[in-house]
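Residue numbers (our numbering): 4 to 295. Note that the Cβ used here is the ideal one computed from N, Cα and C, for glycine as well.
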Ligand code: SF4
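Shown next as structure tokens:
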């Protein structure tokens with residue numbers, strides 16, 4: 004096996020020549036890198052899935068606000084809404100939107116979440132994997148395969164750029180999480196490795212330029228609701244990929260474009276809370292109130 008799998012091209016080539024899926028290649032690589040068994044890798048991944056489920060469960064039953072008082076009860080509101088009026092797009096959509104909010108609200112309450120890839124984007128991957136797991140009744144092994152697939156996508160992107168809003172804007176946090184989720188969805192739905200990579204590429208390509216402008220420097224506005232939007236974004240990418248609608252720009256070039264976009268982005272829009280939403284009249288007011 005090629006040891007230095009740091010591009011999507013290499014990953015796909017490895018899948019094609021070995022006849023293995025993305026998660027198989029990645030779990031073997033992880034086992035080799037850390038000198039542990041594949042079983043140990045999978046056990047570690049399952050611990051994360053368990054933590055994701057716990058965060059969702061806690062988040063669904065809480066409406067405790069964050070320390071700032073700005074966020075914390077949106078999942079509760081959405082749950083109430085769905086109880087009265089189900090979502091137009093069905094149960095899976097309801098779960099994805101609620102689970103992403105539930106997880107992010109647990110993050111702002113400083114409770115345990117799984118950063119995937121970051122704390123600010125922690126609601127996206129768990130919401131799609133756990134909601135799909137429940138609705139499609141997939142096994143524990145399939146959940147693990149999905150999360151390893153998501154991890155593989157994050158790993159490849161992280162070879163070129165740090166996953167941090169301060170480095171490349173929110174495209175490197177929520178954008179990457181959406182790309183990871185798109186791949187995980189395709190894995191769960193039985194797509195090919197090529198479709199998995201293409202799904203992540205389509206997701207990433209369509210969030211290029213997403214800025215990081217957290218109001219008052221807190222991972223709350225716009226981060227909490229952004230997780231919901233980018234979880235749903237992942238579904239669209241997966242559906243297109245499963246129809247073999249391909250990105251005309253190759254996967255690795257899309258990652259390069261993301262890196263370049265991040266470099267071109269003004270520092271005001273990279274987690275400094277000096278531009279974008281943070282610099283709006285209301286954003287400044289929230290900041291002042293919290294400083295008082
Ligand atoms: S806006 Fe910035 S802080 Fe918030 S999730 Fe995105 S990258 Fe993270």
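Which residues in the same chain have their Cβ closer than 6 Å to the Cβ of residue i, if we skip the five residues on either side of it in sequence?
i: residue 290; result: 219
i: residue 11; result: 159, 200, 254 and 255
i: residue 169; result: 273 and 274
i: residue 97; result: 85 and 90
i: residue 203; result: 156, 182, 185 and 186
i: residue 61; result: 109
i: residue 281; result: 216 and 218
i: residue 243; result: 205
i: residue 257; result: 204, 207 and 208
Who pairs with residue i in a beta bridge, going by DSSP?
i: residue 273; result: 215
I believe residue i touches residue j by the beta-carbon criterion, under 8 Å. Please report the beta-carbon distance rounded to the nearest angstrom.
i: residue 117; j: residue 54; result: 5 Å
i: residue 74; j: residue 101; result: About 15 Å separates the two Cβ atoms, so there is no contact after all.
i: residue 215; j: residue 146; result: Going by Cβ atoms, the distance from residue 215 to residue 146 rounds to 30 Å, so no, they are not a contact pair.
i: residue 174; j: residue 261; result: 6 Å
i: residue 234; j: residue 126; result: 7 Å
i: residue 279; j: residue 213; result: At roughly 10 Å, the Cβ-Cβ gap does not stay under 8 Å, so residue 279 and residue 213 are not in contact.
i: residue 250; j: residue 208; result: 6 Å
i: residue 15; j: residue 196; result: 6 Å
i: residue 293; j: residue 69; result: Residue 293 to residue 69, Cβ: 11 Å. No contact.
i: residue 135; j: residue 52; result: Not a contact, Cβ separation roughly 12 Å.
i: residue 88; j: residue 138; result: Actually they are not in contact, since the Cβ atoms of residue 88 and residue 138 sit about 19 Å apart, beyond 8 Å.
i: residue 227; j: residue 111; result: 7 Å
i: residue 178; j: residue 245; result: In fact, because the Cβ distance is near 21 Å, the residues do not count as touching under 8 Å.
Can you find the residues in the same chain that come closer than 7 Å, C-beta to C-beta, to residue i, ignoring five residues on each side of it along the sequence?
i: residue 199; result: 25, 152, 186, 189 and 190
i: residue 9; result: 159 and 162
i: residue 44; result: 30, 33 and 34
i: residue 103; result: 126, 127, 130, 230, 231 and 234
i: residue 59; result: 102, 105, 106, 129 and 133
i: residue 18; result: 24, 25, 28 and 196
i: residue 48; result: 147, 150 and 151
i: residue 56; result: 133
i: residue 180; result: 119, 120, 124, 127, 128 and 233
Is any heavy atom of the ligand SF4 found at a distance shorter than 7 Å from the C-beta of residue i?
i: residue 121; result: yes
i: residue 168; result: yes
i: residue 226; result: yes
i: residue 112; result: no
i: residue 253; result: no
i: residue 129; result: no
i: residue 125; result: no
i: residue 177; result: yes
i: residue 74; result: no
i: residue 222; result: yes
i: residue 270; result: no
i: residue 216; result: yes
i: residue 274; result: yes
i: residue 45; result: no
i: residue 173; result: yes
i: residue 61; result: no
i: residue 229; result: yes
I'd like the list of long-range same chain contacts for residue i, defined as Cβ closer than 8 Å, with 5 residues on each side in sequence excluded.
i: residue 176; result: 120, 121, 123, 124, 166, 167, 168 and 215
i: residue 264; result: 171, 172, 174, 211 and 212
i: residue 164; result: 170, 171, 175, 258, 261, 262 and 265
i: residue 305; result: There is no way to answer for residue 305, as the model of the chain reaches only from 4 to 295.
Ordered list of beta strand (DSSP E) runs contained in the stretch 51 to 93, each at least 3 residues:
Qualifying beta strand (DSSP E) stretches: none in this window.
What are the uninterrupted segments assigned as alpha helix (DSSP H) that are 4 or more residues long and contained completely in the stretch 224 to 264, given in chain order?
If only complete runs of 4 or more residues are kept, the stretch 224 to 264 shows the alpha helix (DSSP H) at 226 to 245, in order along the chain.
Fully enclosed by the stretch 135 to 220, which alpha helix (DSSP H) runs are 4 residues long or longer?
Those alpha helix (DSSP H) runs which fall completely within the stretch 135 to 220 and span 4+ residues are 143 to 161, 168 to 171, 177 to 191 and 196 to 208.
Contiguous beta strand (DSSP E) assignments of at least 3 residues, all confined to the stretch 10 to 58:
Runs of the beta strand (DSSP E) inside the stretch 10 to 58: none found.
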